[in-house]
Structure formats: C-alpha cells, structure tokens
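Reading through the structure tokens given below for one structure.
Number of protein chains: 2
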Amino acid sequence: MRPPTAQEAVLTELRRLLVTGELAPGTPVRQETVAERLGVSRVPVREALKVLEGEGHVVYLPRRGYVVAELSAEDLTEVYRLRELLEAEAIRVAVPRLDDATIEAIEAVAHEIDVAGRRRDLAAMTAYNRDFHFLLFDAAGMPRLSRTLRQLWDATDVYRSVYFAGGANRTRVKHDHAAIVDALRARDVRAAIATQKRHRDASVTAVTAALRRD
Amino acid sequence: MRPPTAQEAVLTELRRLLVTGELAPGTPVRQETVAERLGVSRVPVREALKVLEGEGHVVYLPRRGYVVAELSAEDLTEVYRLRELLEAEAIRVAVPRLDDATIEAIEAVAHEIDVAGRRRDLAAMTAYNRDFHFLLFDAAGMPRLSRTLRQLWDATDVYRSVYFAGGANRTRVKHDHAAIVDALRARDVRAAIATQKRHRDASVTAVTAALRRD
DNA sequence: CGTTTGCATATTGGATCCAATCTGCTAGCG
DNA sequence: CGCTAGCAGATTGGATCCAATATGCAAACG
Numbered sequence: 326m327r328p329p330t331a332q333e334a335v336l337t338e339l340r341r342l343l344v345t346g347e348l349a350p351g352t353p354v355r356q357e358t359v360a361e362r363l364g365v366s367r368v369p370v371r372e373a374l375k376v377l378e379g380e381g382h383v384v385y386l387p388r389r390g391y392v393v394a395e396l397s398a399e400d401l402t403e404v405y406r407l408r409e410l411l412e413a414e415a416i417r418v419a420v421p422r423l424d425d426a427t428i429e430a431i432e433a434v435a436h437e438i439d440v441a442g443r444r445r446d447l448a449a450m451t452a453y454n455r456d457f458h459f460l461l462f463d464a465a466g467m468p469r470l471s472r473t474l475r476q477l478w479d480a481t482d483v484y485r486s487v488y489f490a491g492g493a494n495r496t497r498v499k500h501d502h503a504a505i506v507d508a509l510r511a512r513d514v515r516a517a518i519a520t521q522k523r524h525r526d527a528s529v530t531a532v533t534a535a536l537r538r539d
Numbered sequence: 326m327r328p329p330t331a332q333e334a335v336l337t338e339l340r341r342l343l344v345t346g347e348l349a350p351g352t353p354v355r356q357e358t359v360a361e362r363l364g365v366s367r368v369p370v371r372e373a374l375k376v377l378e379g380e381g382h383v384v385y386l387p388r389r390g391y392v393v394a395e396l397s398a399e400d401l402t403e404v405y406r407l408r409e410l411l412e413a414e415a416i417r418v419a420v421p422r423l424d425d426a427t428i429e430a431i432e433a434v435a436h437e438i439d440v441a442g443r444r445r446d447l448a449a450m451t452a453y454n455r456d457f458h459f460l461l462f463d464a465a466g467m468p469r470l471s472r473t474l475r476q477l478w479d480a481t482d483v484y485r486s487v488y489f490a491g492g493a494n495r496t497r498v499k500h501d502h503a504a505i506v507d508a509l510r511a512r513d514v515r516a517a518i519a520t521q522k523r524h525r526d527a528s529v530t531a532v533t534a535a536l537r538r539d
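Residue numbers (our numbering), protein chains in the order written: chain R, 326 to 539; chain W, 326 to 539.
Structure (structure tokens):
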C-alpha cells in the first residue's frame, strides 16, 4: 500500500524497467503504452517522466516525447570521477561518527549480498549492494551529498548489474566489502577511502567494457 | 519565441519568482493560482513543479501540494562544502584547457558585473556573476559536473543576492574576480583554486549571517 | 471548558477530451 | 529517377471535468 498516488507507482515501475534494462537505452517511451500497461491515465505518467528527466534517466524532446537516456563512455568516466570525490568526502565525515550498531547493520547487508549472490538473484544483489554503500554514505549526515551520490549511482545502474553477473566479480565484491567493514571497525578513514576507491575502480573497468560491447 | 511549450514558460517564470524571493521559502504553491496568473491550466504547472522538486526548490507532500523549500544553516554549510570539492575539480580540469578567447570572455563578464554594480542592478549582477564562474566551470568539459554545480548554486540563489546588496562586498567581489582572472592568465591551477576558495568563503559568511536574521 | 465529531470549502490527483505537431507514406512534379 | 508537397495516422501538450482527500470551523458531547 506504499503508493498513495499513481505517479509514485508509475515512477517506481518505470525505475524498475530502467534498471533491469527492459526499457533499453535509446528507445522512445510512449506515454499511452506506459499508461495502459499500469492502468492509469497519461497525466501521472508524464509527471513521473519529468522526475526521471531530472535524474537523467530519460531525455525530453518537446513535441517528440521522452527517450531512454544513453550513457556515453565520457559520461561514465565523469560519473565515476565525481563519485570518487564525493564518496571520499562522505567516508571522511561518516567514519568518525559511526556507531557499532551501524557497522553491524552494514556487515549484515554485506552478508545478504552474498546470500543473494549464491541464488543468482541479480536484482536483490544490486539492491543490497546499494544499501551497503549508502548505509555508510548516509552516516555522514549530509543529506544533499547523499542525494547527489544517489543521482550518480542511478545514472549507471543499468550498466552496473552486468558487473554482478560475472561469478569472478562476486567473490571480488565479497572480499572488497569485507575489507571496507574492517576499515570501518578500525575507524581508519584513509583505509576506508582507499579500499572504496579500489572497489569502485574494479567496477568502472567492468562497466566500461560492457559499454563498449554495445 | 523560446518557450514552445507552456511547461517551460511556467518553469522559467517560477524560477524567477523563486530566485527573486517573490515566492518566499516556506510558502505553499497553489497550482490554480500559478496557473491563472500565467494563463495556462494546472497540468503544465504540475509538470514544472515536478522539475523544481527534483532540483530541491520545492518539496512535495502528496495530497497536500508543493511548498517552497527552506534552507537550513546546516544545509547551507553542506552546499558550500560540496561546492568547494566540485569547483576545485572543475578548475583543476578547466585551467589547462583554457584558450585566450575564453579568458577574455570571462574578463569581459567581470567588467559587466562591475557596470551593473554601479547602477545598483542586483538582478544583472547575480546573473553576470553566475556567467563569470560558469564560463570557467564549463570549460572543464564535464557536463555532469556543471549540472551538479548549477543545482548547488540554484539552491542558495535567493540568499546570495543579499551579498551583492552590500557596497563593501561589491568592491571585494571586483577584487576577487580580478585575482581569479590573473591566476587563469598565468595558468596557475593552485592559485585559481585558492582564490576561488577565498572568494566563496567570503560569501558563505555573508549568506549565513543573512540566514540567521530570518 | 476542552475535546471531538461532522460538515462545507479548498485543493489536489487523475481521467478524458481536444488541439497542435510530428512521422511516414504516397503521389505529383520537374 | 529523384525530390518535394501533402495527406492520414500517431503522438504529444494542454484544457476541462470529476473524484478523493485535506483543512477549517462550528456545534455537540463529555
């Protein structure tokens, strides 16, 4: 019963279609199609699309409609560079503020990723992975930073799921996350930032490779 | 002319109302009121509001409507901290890429700020001031960075205009801008970043003071 | 006297309808 | 044979209408 309004329901569903790739980059989004698929009129669909436009998931061409955004290789590098700067700041602020309960919550989520990985549940993995990292980022207590980081993560969600698909990457992720948790426990800011950077770099090369295959 | 669609016209007008403070922080935005004031229906108004919601200019409460966002002191500090990180990156990338024509354009805009200041034209000053800084930022060739920075600038636009109101600040701004241009001419990244930081810090203290007066 | 219930009004959310524009195809022209 | 004009269908943008919910006030109740 979460969505009291239809626009939110549409938004949630469109997001799902976008991250799973069912709505592939480059394809136009027909308002009528989306509307009747979800059993609503075009009005809430248009409002949801405006939100997605602001997040960069779709591009809007007046009188022509909305098209699923395509990510260029340069755009991808830029996203990861900005993540590097902002995630470092988030970790810098968050680590000294972390309480034990939060660290344990983070570790618990890391375990969930592993469990989801064993049953090859990609959707759950990406969702838990996000939780893992944002539990840490949010602990900085900087809502605007969190929001900006979420935007950057959103932009590459479609492409990042390919990273989890590879079995070799899964063990790597598990190892990286454990290393991050260790750094948090030790309250070691430098180690946390460095580990997070290595972790991120591993995924950017994988995603870049996936992007080139298009 | 420019706005082929009504939603864009509404968006532009609402932005103006927000930046000038005619729509003060905390006041609810009545869709009907905006609609009839601009001679359109509520539909394009709602789409424009969704964009502004994404930018953080208004907050949306389902079934209750939109309210002009208020900026807390913590939020302000956060915005400026993020600007510090991202503007440094923009300058780092942009300065080595700057050609003489761009530097002269930047200097020309600095002169325009001064001219506008002499005739006490606050609106023109803030607009030119923005041009001055974003000519530099955009030169980094990182569109997503530019977009993020614009969002951060937008968030504090209402409050920043008070800074330009003070005559003492005007001469300070003139001096700072000249120092920035000098650093650009010398292709001195460190100096440019340091100057920009001092410049920004001066405004944050002024804006914080203005905020407390609320 | 304070609290709560019920009702009238204001306001939002969504559906439907119509106008404007874009797309693709066909036919006419040079 | 290629190119342009124009027409029909598709699609978007916007207006209007109706339903659902929230708000404010007043009267009834404890």
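We treat Cβ as the ideally placed atom computed from N, Cα and C, and that holds for glycine. If you're wondering where the values come from, they're calculated on a predicted model, not measured in any experiment.
Original post:
Which one of W:Arg510, W:Leu336, W:Ala465 has the shortest CA to CA distance from Arg371 of chain W?
Top reply: Residue 371 of chain W sits at position 46 when you count from the first residue of the second sequence. Among W:Arg510, W:Leu336, W:Ala465, the Cα nearest to that of Arg371 of chain W belongs to W:Leu336.
**OP:** Check His524 of chain R in the structure and name its three-state DSSP category.
**Re:** Here residue 524 of chain R corresponds to residue number 199 of the first sequence, with the count starting at 1. Three-state DSSP puts His524 of chain R in a helix.
Subject >> Any C-beta of chain W under 8 Å from that of Val483 of chain R >> reply: Sequence index remark: in the first sequence, residue 483 of chain R carries index 158 (1-based). No, Val483 of chain R lies away from the interface with chain W (no Cβ there is under 8 Å from its Cβ).
**OP:** Identify every residue that forms a DSSP beta bridge with Gly390 of chain R.
**Re:** Here residue 390 of chain R is taken as the residue at index 65 of the first sequence, counted from 1. Its beta-bridge partners are R:Leu386.
Original post:
Do Val404 of chain W and Thr520 of chain W have their C-beta atoms closer together than 8 Å?
Top reply: Taking the first residue of the second sequence as position 1, residue 404 of chain W is located at position 79. Taking the first residue of the second sequence as position 1, residue 520 of chain W is located at position 195. Not in contact: Val404 of chain W and Thr520 of chain W (Cβ atoms no closer than 8 Å).
Original post:
With DSSP run on the structure shown, which of helix, strand or coil describes Pro329 of chain W?
Top reply: Indexing the second sequence from 1 puts residue 329 of chain W at position 4. Looking at Pro329 of chain W - three-state DSSP - the assignment turns out to be coil, as it is neither helix nor strand.
Original post:
Under the DSSP definition of a beta bridge, which residues are partnered with Pro353 of chain W?
Top reply: Sequence index remark: in the second sequence, residue 353 of chain W carries index 28 (1-based). For Pro353 of chain W, which the question treats as bridged, DSSP gives the partners W:Val392.
Original post:
If you run the structure through DSSP and keep just helix, strand and coil, what is Val365 of chain R?
Top reply: On the first sequence, residue 365 of chain R is found 40 positions in, with the first residue counted as 1. Three-state DSSP puts Val365 of chain R in coil, outside helix and strand.
Original post:
Closest by CA to Thr427 of chain W, which one among W:Ala464, W:Gly442, W:Arg389?
Top reply: Mapped onto the second sequence, residue 427 of chain W falls at position 102. Closest by alpha carbon: W:Ala464.
Subject >> Contact set for Ala373 of chain W: own chain, Cβ-Cβ below 7 Å, skip 5 residues either direction >> reply: Position 48 of the second sequence, counted from the start, is the residue given in the question as residue 373 of chain W. Contacts found: Gln332, Val335, Leu336, Leu339.
Original post:
Ordered along the chain, which non-local residues of its own chain (more than five positions away) have a Cβ less than 7 Å from that of Val434 of chain W?
Top reply: Walking along the second sequence from the start, residue 434 of chain W turns up at place 109. Excluding positions up to five away in sequence, the list reads Tyr453, Asp456, Phe457, Leu460.
Original post:
Apart from the five residues just before and just after Gly390 of chain W, which ones in its own chain have a Cβ nearer than 8 Å to its Cβ?
Top reply: Along the second sequence, read from residue 1 onward, the residue named residue 390 of chain W stands at position 65. Within the same chain, Gly390 of chain W has close Cβ partners Pro353, Val354, Arg355, Gln356.
Original post:
Of all the options W:Val368, W:Val365, W:Gln476, W:Val483, which has the alpha carbon lying nearest to the alpha carbon of Arg469 of chain R?
Top reply: Working through the first sequence from its first residue, we reach residue 469 of chain R at position 144. It is W:Gln476 whose Cα lies nearest to the Cα of Arg469 of chain R.
Original post:
By how many angstroms is the C-alpha of Thr533 of chain R removed from the C-alpha of Ala527 of chain R?
Top reply: Residue numbering aside, residue 527 of chain R sits at position 202 when the first sequence is read from its first letter. Residue numbering aside, residue 533 of chain R sits at position 208 when the first sequence is read from its first letter. Distance between the alpha carbons of Ala527 of chain R and Thr533 of chain R: 10 Å.
Original post:
Taking the continuous alpha helix (DSSP H) assigned at Met450 of chain R, which residues delimit it?
Top reply: If you number the first sequence from 1, residue 450 of chain R lands on position 125. Its alpha helix (DSSP H) spans residues 447–463.
**OP:** Could you work out which residues of chain R lie near Leu410 of chain W, taking near to mean beta carbons separated by less than 8 Å?
**Re:** Translated into positions along the second sequence, residue 410 of chain W becomes position 85. By Cβ distance, chain R contributes Leu410, Leu411, Glu414.
**OP:** Could you tell me if Pro369 of chain W is buried or exposed, where buried requires 16 or more neighbouring beta carbons within 10 angstroms of its beta carbon?
**Re:** Position 44 of the second sequence, counted from the first residue, corresponds to residue 369 of chain W. With 16 or more Cβ atoms within 10 Å of its Cβ, Pro369 of chain W is classed as buried.
**OP:** Could you tell me the distance, in whole angstroms, from the CA atom of Ile416 of chain R to the CA atom of Thr330 of chain W?
**Re:** If you number the first sequence from 1, residue 416 of chain R lands on position 91. If you number the second sequence from 1, residue 330 of chain W lands on position 5. For Ile416 of chain R and Thr330 of chain W, the distance between alpha carbons rounds to 43 Å.
**OP:** Could you say which of R:Ala449, R:Val506, R:Leu348, R:Arg525 lies nearest to Ile562 of chain R if we only look at CA atoms?
**Re:** This structure cannot settle anything about residue 562 of chain R, because the visible part of chain R is limited to 326 through 539.
**OP:** For chain R, find out if any of its Cβ atoms is closer than 8 Å to the Cβ of Glu357 of chain W; answer yes or no.
**Re:** Your numbering for residue 357 of chain W matches position 32 in the second sequence. With 8 Å as the cut-off, Glu357 of chain W does not count as an interface residue toward chain R.
Original post:
Since Leu470 of chain W is in the alpha helix (DSSP H), which residue starts that stretch and which ends it?
Top reply: As a position in the second sequence, residue 470 of chain W is number 145, starting the count at 1. That run of the alpha helix (DSSP H) goes 468–490.
Original post:
Looking at C-beta atoms only, is the number of pairs between the region 492–507 of chain W and the region 436–446 of chain W that lie closer than 8 Å three or more?
Top reply: yes
Original post:
Taking only beta-carbon atoms, is Val335 of chain R less than 8 Å away from chain W?
Top reply: Along the first sequence, read from residue 1 onward, the residue named residue 335 of chain R stands at position 10. No - not a single Cβ of chain W is within 8 Å of the one on Val335 of chain R.
Original post:
Counting contacts by CB-CB distance shorter than 8 Å, is Thr533 of chain W in contact with chain R?
Top reply: For the purposes of this step, residue 533 of chain W is identified with residue 208 of the second sequence, where counting begins at 1. Output row for Thr533 of chain W: interface = no.
Original post:
Within this structure, are the beta carbons of Met467 of chain W and Val420 of chain W separated by less than 8 Å?
Top reply: The count along the second sequence starts at 1 and reaches residue 467 of chain W at position 142. The count along the second sequence starts at 1 and reaches residue 420 of chain W at position 95. No, they are not a contact pair.
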